Amino acid sequence: MKKNSFKSTLFIIISFLMFSSVFTSCKDDDEIYILKREDIKVNEPEGGFITKVNQLLKIEAESSSDEGVTYEWFLDDESIATTKNMEYMFEIVGEYDLRLVVTQSEIKYEYPFSVTVTFSEIKSPTDGATAYITKILDFMPAIGQFTNVLPKYEEGDTQATMNTKVLEAIGNNKKGMISLGGFGGYVVVGFDHTIQNVKGKRDFRVLANAFYANTNPDPSAPEGGSCEPGVIMVAYDSNGNGVPDDNEWYEIAGSAHEDHTQELWYEKAKDNGNDVNLYRNYEITYYKPENEPTTAEGKKQYIRWEDNKGNSGYKVKNAFHNQPYYPQWASGDKITFKGTCLPQNGVDESGQGNYFVLYKFRYGYADNETNTKDESAIDIDWAVNSKGQKVHLPGVDFIKIYTGVNQENGWLGECSTEITSVEDLHILGVSIDTREE
Ligand SMILES: [Ca+2]
Ligand SMILES: [Ca+2]
Ligand SMILES: [Ca+2]
14 MKKNSFKSTL FIIISFLMFS SVFTSCKDDD EIYILKREDI KVNEPEGGFI TKVNQLLKIE
74 AESSSDEGVT YEWFLDDESI ATTKNMEYMF EIVGEYDLRL VVTQSEIKYE YPFSVTVTFS
134 EIKSPTDGAT AYITKILDFM PAIGQFTNVL PKYEEGDTQA TMNTKVLEAI GNNKKGMISL
194 GGFGGYVVVG FDHTIQNVKG KRDFRVLANA FYANTNPDPS APEGGSCEPG VIMVAYDSNG
254 NGVPDDNEWY EIAGSAHEDH TQELWYEKAK DNGNDVNLYR NYEITYYKPE NEPTTAEGKK
314 QYIRWEDNKG NSGYKVKNAF HNQPYYPQWA SGDKITFKGT CLPQNGVDES GQGNYFVLYK
374 FRYGYADNET NTKDESAIDI DWAVNSKGQK VHLPGVDFIK IYTGVNQENG WLGECSTEIT
434 SVEDLHILGV SIDTREE
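Basically the working numbering = 1-based index in the sequence shown + 13.
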């Protein structure tokens, strides 16, 4: 009984409210207020909204009426909110297009805004910070004649053992050597401080074993010899968790990233029949061989590979190096590497297969320029996001280097990046201006 009486009371109240609301609206105006474009106001600062990574950005919209009005916010065409006011946390620096779409039945207004997301400032390195690599986070060379040799793999070695061996070779200014093998093979290194991005200056140098040919049969050729460019990626630990998260990595846009047709040897390599394209988001998969070949035929069809451009083939085992070329501590029966694939820079200048010259890219790669030249030094400001926009990191905590060219150069073997050290130029007191724009 009680329940029923409550229900009927509620019914009366609701009916009364409905009636009175219809009645009031009929009395005030016959139709709902028609929204005009200028009725929506958002206070956008001059130059657009500016916010920092991992901080909440709140944007309020004001409207003369909300009657029958819906709001939707789009970030680079992806819907991120269906509320009148927007709150959003950006994880990645860059420039974004933000759009508010306001609809009222058939009416639709769009309001475009821009958002710039930057990093917070960083603190200076503490006293006693060292200029050199102090940790190895990962190391996975691709197929190569020095894989399992630089550094040496021994039965039972794990990823952790191999990382330790790499640190012993190239960490703490030891200047030993590691090889990254063919395309995609990589190392990820860390430091005991954040390498600062000093404006207008190059910030770190990757040391390697690039050198120039002494007796290039083509005397008018540009600089080259053994230039085996590694693409450099940098990460700033913006969330401070001590590890490089996937969305913290940015690639250093070297000269070929900017315009690969401007490399001084571009036409020469093209005439030679090289693949002189630059492929972003290139992927190559190498299949682990079931056993090590003993016959000449087996060595020619040693390790099968496939890429995401529809190409496939075999990596050969050469006469000089007989250890397994597939990283022996890797799990699974295949391994995939991803990255930017640079134009093939190797040319057999003898025409008889005995004088290969691997030409130098203009700037911005590892193992590409001799260690004493300015072009082996990198400005953190060259780091770009996936849209090719400069991200202006305040500094970097981690550096990843991977072999950037997929090419076999006859008896020389595959183009493979070697690394001997990484140096923080500011801690060493070395001042090198960045390139002129
Ligand atoms: Ca800089
Ligand atoms: Ca992190
Ligand atoms: Ca090299």
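Where is the CB? At the ideal position from N, CA and C, for every residue including glycine.
Source: prediction; values computed, not measured.
query: Within the stretch 254-281, ranges of the beta strand (DSSP E) (whole runs, at least 3 residues); result: 262-265
query: Inter-residue Cα distance where the pair is residue 275 and residue 156; result: 30 angstroms
query: Residue 256 to residue 270 span [Cα, whole Å]; result: 26 angstroms
query: Any non-hydrogen atom of ligand 3 closer than 6 angstroms to residue 151 Cβ; result: no
query: Minimum C-alpha distance to residue 332 - residue among 325, 164 and 311; result: 311
query: Rounded straight-line distance, which links the Cα of residue 296 to that of residue 89; result: 27 angstroms
query: Candidates 44, 369 and 392: closest to residue 236 by CA position; result: 369
query: Host beta strand (DSSP E) of residue 308 (start-end); result: From DSSP, residue 308 is part of no beta strand (DSSP E); its letter is neither H nor E.
query: Distance cut 5 angstroms, beta-carbon to ligand 3 heavy atom: residue list by chain order; result: 222, 241, 380 and 431
query: Residue 390 to residue 308 span [Cα, whole Å]; result: 44 angstroms
query: Residue 474 vs residue 142 beta-carbon contact at 7 angstroms; result: The chain is shown from 14 up to 450; residue 474 falls before or after that span and cannot be answered.
query: Under the three-state DSSP convention, the category residue 175 falls into; result: helix
query: Identity of the residue in 121, 114, 318 and 338 nearest residue 305 by Cα; result: 338
query: Beta-carbon proximity of residue 2 to residue 433, cut-off 7 angstroms; result: Nothing can be reported for residue 2, as the shown portion of the chain is limited to 14 through 450.
query: Among 420, 341 and 397, nearest to residue 361 - alpha-carbon criterion; result: 420
query: Residue 445 (DSSP reduced to helix, strand or coil); result: coil
query: Neighbour-count burial assignment, residue 438, 16 or more Cβ in a 10 Å radius; result: buried
query: Terminal residues of the beta strand (DSSP E) in which residue 248 lies; result: 243-248
query: For residue 390, three-class secondary structure by DSSP; result: strand
query: Residue 410 versus residue 51 - alpha carbon distance; result: 47 angstroms
query: Residues near residue 403 by beta carbon distance below 6 angstroms, same chain, minus five either side; result: 397
query: Three-state secondary structure (DSSP) of residue 71; result: strand
query: Shell residues, 7 angstroms Cβ cut-off relative to heavy atoms of ligand 1; result: 210, 211, 212, 213, 214, 215, 216, 392, 393, 394 and 447
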